[in-house]
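The listed protein sequences correspond, in order, to chains U and D. Here my numbering runs 25 ahead of the position in the first sequence, where the first position is 1. Here my numbering runs 1458 ahead of the position in the second sequence, where the first position is 1. Idealized CB from N, CA, C, for every residue including glycine.
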Amino acid sequence: MESPLNRYRSFTVLVLVIFAQLILLAVQVKNDQNVSVIRSWTVTAVSPVARILEWGRHSSVGFIRNYVLLRDANEENRRLQSEVDRLKVENVLLKNALNVADRAKALGTFAARVPSRTLAATVFASAAGSDSNAVLVDRGSVSGVERGMGVVTPDGIVGKVLRVYAMSSMVGLINDQDFAAGVVTQNGQVRGVLKGQGKPLCKVDYVPFEDKIAVGDLLFTSGDDHMFPRGFPVGVVKSVTNGQPREILAEPSGLRRGVPQDVLIILSGVHQEIPEAPPSSQAVYINPSPPAAAQPEANALPAGVGTEADRVRAQAKALSESQGHPFGSGDGKIPDFNANHPLPPAPPPAQPPAADAPPAASSSTRRANQAAGASSGGKQDR
Amino acid sequence: MSYSTGRILLSSQREGQVSRFRPWVMIVVPLAAILFQVYVPLFFQFLKFLEMPLLVVVYFALMRRNQIGGLLTGAMVGLAQDSLSKNPLGMHGIVNTLVGYFAASVGVRLDVDHGVIRFLLALFFYMFHQLLCWMIEQALPLGHQPAFKIDEWLMFGVLNAIVGVALFHFLDKLRESA
């Protein structure tokens, strides 16, 4: 006769496997311990492959940026040079210089500026699970990383180290439901606890009702949590609902541009003062240049104002234009100054400026004189 | 590939053809699915909803029609997922074990080469997976209350099922020919 265990073999195996995993789950939850050997094996097995993938991606992106886009940049550069507009070229160069600002350099600068001892790390994978807000970085216990250490970027705090393996660590992001950090407003008057809630915005709890906090207030780490030193940017308050209970939502500045690729792990924190000005990494508004048409023409002469040189210059201009040689075109042809050409009437003698004349008149005169001097070979009257 | 357009229910277990896979396929495909889940969302956040390991477990269980093989594949993939997540070990393990077992049980009865059946099974097992995850999270003192987002699950389930049908079609090419 067939035994029941053999008859229901697959169901028996199912029960055994589920039971074993339930025991495993129960032991972990009860003791709050991780089965580090299995985790380490899995992470060690996956990390090299993930790193190879990251290397391949980095190389291909680098190839595209260094060769394909560089060729485009040269073509663009030639096109711009053909336009012969020095200001435009200068503007493009400045923009390029801004665009090629290396984030690693920025991170290095930030690390040098911050008094805390930090360790640069690269994010190479996100944690498994569709609702998981954690990433894996390429620094582990070998590099001195410990569980609970804070992770930051120049933009703001990013999260904290949840688990440490030999060569890598898992970092819980600031918007993770298990994340919490002490925060304080820029003026140092309002304190609270920032908590992740699995969404882009985090909530700020434990803010006394009488404390005044408004939309746009900048939040910094308070240092009360013994995880982040005081003074790191955290985010900006996005909404304040003065109901019961009070709900304050803040946008974490560290994740404003998505999960950063390069981060700093705080190995030993040093408290710092909360900056009075907003963090320097914030975007700086640059007013656009005035339109070219609005700029006063340097060669233009105001009516009735000028010197003898201005008059001669006006004559030369009228003469050359009448012979088909635009004045100042530099086409190598010299106009015939002996040709019979009606000269423009001489300007009336310059009147001495009135005492209440606006200063713009004298400045425009000075500009006209300078222009005349420039057109006559840059010589100065003695 | 041509889907059978006739019956979707098999009258006997013999009628359904058991698919065989080379050992490297059984290792590389789940590993690639796990890597996909931990690596791709880093650059394409919108692909975070894809449960590739689950789809792979469902596929192998359906096609191999072996309950023990299905549950063991589910357990391995689930434990690997747990190891790479911040959840305690065993959470996804238990869920994927059950998914593998039930998928293999269903695979015995249904014509799993049928495209519509594949879509419906992928959708069903995604919902089953999410529901079990939610129940386990509720049961464990993890410090937060998981949300019961049935509308989101349904939407992501449909998307996963669509991807699943395409993935199954691709994985069919890795079957050993009889």
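- Alpha carbon to alpha carbon, how far is V218/U from V42/U? Reading the first sequence from its first residue, position 193 is the one you call residue 218/U. Reading the first sequence from its first residue, position 17 is the one you call residue 42/U. Spanning the two alpha carbons is a distance of roughly 41 angstroms.
Review point. For a contact meaning CB atoms closer than 8 angstroms, what does V42/U contact in chain D?
Key: Locating residue 42/U in the first sequence gives position 17, where the first residue counts as 1. Simply L1529, L1530, A1533, T1555.
Since M174/U is in the beta strand (DSSP E), which residue starts that stretch and which ends it?
Translated into positions along the first sequence, residue 174/U becomes position 149. Where M174/U is concerned, there is no enclosing beta strand (DSSP E), given that its DSSP letter is neither H nor E.
**Message:** Buried or exposed, going by whether 16 or more other CB atoms sit within 10 Å of the CB of R103/U?
**Reply:** Here residue 103/U is taken as the residue at index 78 of the first sequence, counted from 1. Classification of R103/U: exposed, given that the 10 Å Cβ count is below 16.
At the level of alpha carbons, what is the spacing between L1542/D and L187/U? Position 84 of the second sequence, counted from the first residue, corresponds to residue 1542/D. Position 162 of the first sequence, counted from the first residue, corresponds to residue 187/U. Whole-angstrom Cα-Cα distance: 12 angstroms.
Taking Cβ-Cβ distances shorter than 9 angstroms, what residues in chain U pair up with I1552/D? The residue you call residue 1552/D lines up with position 94 of the second sequence. Result: V42, I43, Q46, L47, L50.
Just checking: is the beta-carbon of A1538/D within a distance shorter than 9 angstroms of some beta-carbon in chain U? Locating residue 1538/D in the second sequence gives position 80, counting from the first residue. Chain U, which has a Cβ nearer than 9 angstroms to the Cβ of A1538/D, makes this yes.
Checklist entry - Counting only beta-carbon atoms, is E242/U nearer than 9 angstroms to chain D? => result By 1-based counting over the first sequence, the position of residue 242/U is 217. The amino acid at residue 242/U is misidentified as Glu; the sequence shows Asp. Chain D contact via Cβ: absent.
- Task: For the beta strand (DSSP E) containing V413/U, list its first residue and its last residue.
- Result: Residue numbering for chain U in the displayed model covers 26 to 407; residue 413/U lies beyond these limits and cannot be assessed.
For the region 134 to 145 of chain U against the region 1522 to 1533 of chain D, do three or more pairs of beta-carbon atoms, one drawn from each stretch, fall closer than 8 angstroms, so that the two count as touching? no
Notebook entry, point to check: For the region 195 to 212 of chain U, which residues have a beta carbon sitting closer than 7 angstroms to at least one beta carbon of chain D?
Noted result: M195, G197, Q202, D203
Alpha carbon to alpha carbon, what distance is there between S107/U and A341/U? The residue you call residue 341/U lines up with position 316 of the first sequence. The residue you call residue 107/U lines up with position 82 of the first sequence. When rounded, the distance between both Cα atoms is 30 angstroms.
*Flag A146/U as yes if its beta-carbon sits less than 9 angstroms from any beta-carbon of chain D, otherwise no.*
The residue given as residue 146/U occupies position 121 in the first sequence. Not one chain D Cβ lies under 9 angstroms of A146/U.
Consider the C-beta atom of V86/U and the heavy atoms of the ligand ATP; say whether any pair is separated by less than 8 angstroms.
Looking at this structure, you won't find the ligand ATP or any other ligand, since it has none at all.
Q) Quick one: is D381/U buried, meaning 16 or more other Cβ sit within 10 Å of its Cβ, or exposed? A) Here residue 381/U refers to the residue found at position 356 when the first sequence is read from its first residue. Low local confidence applies: a pLDDT of 44 at D381/U is under 50, so the model's placement there is unreliable, and no value is given.
* Asked: Quick one: what does DSSP say I182/U is sitting in, helix, strand or coil?
  -> Numbered from its first residue, the first sequence carries residue 182/U at position 157. Three-state DSSP puts I182/U in a strand.
With a cut-off of 8 angstroms, do at least 3 Cβ pairs link the region 286 to 298 of chain U to the region 231 to 244 of chain U? no
Original post:
Is it buried or exposed for G154/U, if we count other Cβ within 10 angstroms and need 16 for buried?
Top reply: Mapped onto the first sequence, residue 154/U falls at position 129. G154/U comes out buried.
| task | Kindly confirm or deny that the region 84 to 98 of chain U and the region 206 to 217 of chain U touch, where touching means at least three C-beta pairs closer than 8 angstroms. | result | no
Open item on the list: Quick check: is the beta carbon of L1568/D nearer than 9 angstroms to any beta carbon in chain U?
Closed with: Position 110 of the second sequence, counting from 1, holds the residue named residue 1568/D. No, no contact with chain U.
Item to complete: Give the interface partners of S151/U over in chain D, defined as CB-CB distance under 7 angstroms, in chain order.
Response: Counting from one through the first sequence, the residue named residue 151/U turns up at place 126. Neighbours of S151/U on chain D, chain order: V1496, P1499, L1500.
Check: What residue from V1496/D, E1509/D, F1501/D, P1481/D has the CA that sits closest to L1625/D's CA?
Finding: Locating residue 1625/D in the second sequence gives position 167, counting from the first residue. The shortest Cα separation from L1625/D among V1496/D, E1509/D, F1501/D, P1481/D belongs to E1509/D.
- Query: In chain D, which residues lie with their C-beta within 7 angstroms of the C-beta of V284/U?
  - Reply: Here residue 284/U is taken as the residue at index 259 of the first sequence, counted from 1. Near V284/U (Cβ distances below 7 angstroms), the residues of chain D are L1500.
*When you compare only the Cα positions, how much space is there between R82/U and D163/U?*
As a first step, residue 82/U is located in the first sequence; it is residue number 57 there, counting from the start. As a first step, residue 163/U is located in the first sequence; it is residue number 138 there, counting from the start. Roughly 16 angstroms separates the two Cα atoms.
Is there a Cβ of chain U sitting closer than 9 angstroms to that of L1489/D, yes or no? Position 31 of the second sequence holds residue 1489/D. It does: the Cβ of L1489/D has a partner Cβ on chain U nearer than 9 angstroms.
Could you tell me whether the Cβ of L1542/D comes closer than 9 angstroms to any Cβ of chain U? As a first step, residue 1542/D is located in the second sequence; it is residue number 84 there, counting from the start. It does: the Cβ of L1542/D has a partner Cβ on chain U nearer than 9 angstroms.
Identity of the residue in A1619/D, H1602/D, L1505/D, A1491/D nearest Q222/U by Cα: Stepping through the first sequence from its first residue, residue 222/U is reached at position 197. When each option's Cα is compared against that of Q222/U, the closest is H1602/D.
Less than 9 angstroms between the beta carbons of L1629/D and V1514/D, yes or no?
The sequence position of residue 1629/D within the second sequence is 171, counting from 1. The sequence position of residue 1514/D within the second sequence is 56, counting from 1. Contact: yes.
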